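*Asks:*
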Amino acid sequence: MRQVAASLIIVTVAGCGQPTEQAAPSASLTLGGPEALAKRLLPDLAGSYGRQKSTTPPRVRTIRSESGGIRELLDGEIEAAFSSRDATPSEEDQAKVLGFTFDSPDSRHIVAVDVVAVGVHPRNPLDSLTFDQVIGIFCTNGGIESWAELGLDDHPVRALVREPGSGTRDLFEDFFCGPQGLSPKLEVVSATQIGSALTDDPYAIAMMSLSEGVGKPLSLRVQPNASPVKPSQDNIVRGQYPLFGDVYVYTRGKPSGELSSFLDWIASPAGQEVIDELRYVPLSLRPDRADTDRPLRETLQFEVDSSVPNQRSNARLQVLISELKEKQYRHVILEGFTDDREADPYKLSQQRAEAVRTLLVDAMPELYVEIIPRGPKSPIAPNDTPYGRQVNRRVQVYLAEEETRRDDAVVPEGG
Numbered sequence: 001m002r003q004v005a006a007s008l009i010i011v012t013v014a015g016c017g018q019p020t021e022q023a024a025p026s027a028s029l030t031l032g033g034p035e036a037l038a039k040r041l042l043p044d045l046a047g048s049y050g051r052q053k054s055t056t057p058p059r060v061r062t063i064r065s066e067s068g069g070i071r072e073l074l075d076g077e078i079e080a081a082f083s084s085r086d087a088t089p090s091e092e093d094q095a096k097v098l099g100f101t102f103d104s105p106d107s108r109h110i111v112a113v114d115v116v117a118v119g120v121h122p123r124n125p126l127d128s129l130t131f132d133q134v135i136g137i138f139c140t141n142g143g144i145e146s147w148a149e150l151g152l153d154d155h156p157v158r159a160l161v162r163e164p165g166s167g168t169r170d171l172f173e174d175f176f177c178g179p180q181g182l183s184p185k186l187e188v189v190s191a192t193q194i195g196s197a198l199t200d201d202p203y204a205i206a207m208m209s210l211s212e213g214v215g216k217p218l219s220l221r222v223q224p225n226a227s228p229v230k231p232s233q234d235n236i237v238r239g240q241y242p243l244f245g246d247v248y249v250y251t252r253g254k255p256s257g258e259l260s261s262f263l264d265w266i267a268s269p270a271g272q273e274v275i276d277e278l279r280y281v282p283l284s285l286r287p288d289r290a291d292t293d294r295p296l297r298e299t300l301q302f303e304v305d306s307s308v309p310n311q312r313s314n315a316r317l318q319v320l321i322s323e324l325k326e327k328q329y330r331h332v333i334l335e336g337f338t339d340d341r342e343a344d345p346y347k348l349s350q351q352r353a354e355a356v357r358t359l360l361v362d363a364m365p366e367l368y369v370e371i372i373p374r375g376p377k378s379p380i381a382p383n384d385t386p387y388g389r390q391v392n393r394r395v396q397v398y399l400a401e402e403e404t405r406r407d408d409a410v411v412p413e414g415g
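If you read the sequence shown in our numbering, its first letter stands for residue 1, the second for the next number, and so on.
1) Report the partner residues of histidine 331 according to the DSSP bridge assignment.
2) Spell out the partners DSSP gives cysteine 139 in its beta bridges.
3) Does the distance from the CB of valine 361 to the CB of valine 395 come in under 9 Å?
4) If you check the beta carbons only, do threonine 30 and alanine 80 fall under 9 Å apart?
5) Between Glu273, Val118 and Ile266, which lies nearest to alanine 204 when the distance is taken from Cα to Cα?
6) Between Thr299, Pro164 and Ser48, which has its C-alpha nearest glutamate 35's C-alpha?
7) Could you say which of Glu92, Arg123 and Ile135 lies nearest to aspartate 153 if we only look at CA atoms?
8) By alpha-carbon positions, which one of Gln301, Val319, Lys327 and Ser313 ends up nearest to glycine 336?
9) On the three-state DSSP scale, how would you describe valine 356?
10) Look at the Cβ atom of isoleucine 266, then the Cβ atom of valine 111, and state whether they are nearer than 9 Å.
11) Thinking C-alpha only, which one of Arg297, Val308, Val304 and Asp340 is nearest valine 319?
12) Buried or exposed for valine 249, please, with buried defined as at least 16 other CB atoms from any protein chain shown within 10 angstroms of its CB.
13) Comparing alpha-carbon positions, which option in Leu367, Glu370, Thr338 and Gly253 lies nearest leucine 73?
14) Could you check what DSSP says for isoleucine 275 in three-state terms: helix, strand or coil?
15) Are valine 97 and valine 281 touching if we call contact CB-CB under 9 Å?
16) With respect to the beta strand (DSSP E) encompassing glycine 245, which residues constitute its N-terminal and C-terminal limits?
17) For a test of the three-state rule: what should DSSP assign to isoleucine 110, helix, strand or coil?
18) By the DSSP assignment, the beta strand (DSSP E) with phenylalanine 172 in it spans what residues?
19) Tell me, please, whether the segment 261-276 touches the segment 298-317 by the rule of three or more beta-carbon pairs shorter than 8 Å.
20) On the three-state DSSP scale, how would you describe valine 161?
21) Tell me whether serine 256 is buried or exposed, calling it buried when 16 or more other Cβ atoms sit within 10 Å of its Cβ.
22) Find out if the Cβ-Cβ distance for the pair arginine 238, serine 128 is shorter than 9 Å.
23) Identify, in the order they occur along the chain, each residue of the same chain with its Cβ nearer than 7 Å to the Cβ of arginine 389, setting aside the five sequence neighbours on each side.
24) Please classify asparagine 314: is it buried, with 16 or more other beta-carbons within 10 angstroms of its beta-carbon, or exposed?
25) Near proline 202, which residues of its chain fall below 7 Å by C-beta distance, leaving aside the five closest residues on each side in sequence?
26) Along the beta strand (DSSP E) that carries serine 83, what are the first and last residues, could you check?
27) For the segment 164-181 and the segment 84-91, state whether three or more C-beta atom pairs, one from each stretch, are separated by less than 8 Å.
28) Three-state secondary structure (DSSP) at asparagine 310?
Below you can see the structure in the form of structure tokens.
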């Protein structure tokens with residue numbers, strides 16, 4: 001299978017202060033990332049950060065890299081790598097030799113959430129697909145090869161996916177295809193080529209990120225008679241749209257100096273505003289954007305039969321705790337869920353919510369927490385794939401100050 005090279009961005013961030021004839025040398029940062037992140041996210045964040053610090057904007061040049069930056073980070077060629085995927089076991093082993101681990105909060109920094117969707121040409125009359133239809137187009141033995149099978153013209157479907165090693169591809173494949181994997185008949189291309197296809201070819205359909213701003217994203221329906229759910233920032237935050245993934249910045253251990261300042265800025269309201277404008281989901285709400293119709297603040301996930309949040313969710317929980325403290329929230333509501341195969345689901349969903357309550361109250365003793373065990377009710381993904389079951393094993397965190405009345409009483413369902 002052909003490998004498509006990713007971009008590696010080298011960003012030089014100018015130093016602070018007004019330029020003078022004998023100005024001190026500029027501070028600099030070297031940042032890497034895969035093509036999809038290198039096109040806009042890296043240069044826009046670096047540019048905004050540089051303009052904040054200096055009247056001289058940062059200088060940006062692009063070279064090619066097959067690893068999307070992680071290899072260069074390990075080799076010491078760059079200081080930080082933007083990525084939408086987890087480090088591979090081989091990369092993790094190399095990091096341990098160098099004295100750090102990629103799963104440590106000192107080395108893996110969540111900066112945004114990416115919304116993943118199925119996209120078509122803007123003139124395509126389709127507005128939504130069922131999960132089974134997506135599986136039929138993209139997965140092994142799926143069987144959908146003509147648009148006629150979707151009620152359109154009898155013309156071959158041109159289905160495209162990202163190259164192996166793409167975090168977006170991994171997420172999409174796990175969610176829809178599970179063990180059967182993606183169909184070998186799919187076109188394997190770069191993010192740029194997907195953008196071109198969705199712009200130029202009315203018969204193209206592809207996995208895409210909402211942040212890429214190309215084509216027409218399709219809504220998803222769990223069943224044919226279900227209401228379609230639009231891929232959007234709001235629907236991710238409300239827990240209604242299930243397909244999303246974190247965007248990380250990886251560093252070689254705890255950052256310091258200019259890099260630490262840059263990461264702090266990304267997490268600040270100014271940095272998160274750039275994230276929001278690029279159609280990623282911000283990690284924290286700016287005070288002037290607190291939505292009264294946005295009750296769900298965070299979704300934490302769990303391994304099978306476990307009541308302990310997984311590593312990724314623990315990192316997200318720390319971000320949430322920081323926000324709760326900053327905005328002085330005093331009341332949250334936790335809804336616990338299981339997949340449809342776990343034993344004693346209502347008890348387990350209660351235990352999951354109680355575990356999150358313990359972590360929250362340990363950090364904020366004054367916090368009042370309500371718990372609603374839901375068991376296997378209200379799945380946000382099909383339970384017939386491993387990834388679908390994974391996202392259904394969750395605790396949803398609501399801020400009571402923003403909670404709309406969705407329940408007549410706080411009682412267990414089915415209990």
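Positions of the beta carbon are idealized from the N, C-alpha and C atoms, including for glycine.
If you're wondering where the values come from, they're calculated on a predicted model, not measured in any experiment.
*Replies:* Reading off the structure:
1) Tyr368
2) Its beta-bridge partners are Leu182.
3) no
4) yes
5) Closest by alpha carbon: Val118.
6) Pro164
7) Arg123
8) Gln301
9) helix
10) yes
11) With distances taken between Cα atoms, valine 319 lies closest to Arg297.
12) buried
13) Gly253
14) helix
15) no
16) Start and end: 244-251.
17) strand
18) No beta strand (DSSP E) holds phenylalanine 172; the alpha helix (DSSP H) holding it covers 167-176.
19) no
20) Three-state DSSP puts valine 161 in a strand.
21) Under this definition serine 256 is an exposed residue.
22) no
23) Excluding the 5 residues flanking it on each side, arginine 389 has same chain C-beta neighbours closer than 7 Å at Asp339, Arg341 and Asn383, in chain order.
24) With fewer than 16 Cβ atoms within 10 Å of its Cβ, asparagine 314 is classed as exposed.
25) Residues His121, Arg123 and Asn124 of the same chain have their beta carbon placed closer than 7 Å to that of proline 202, with the five preceding and five following residues left out of the count.
26) 80-83
27) yes
28) coil
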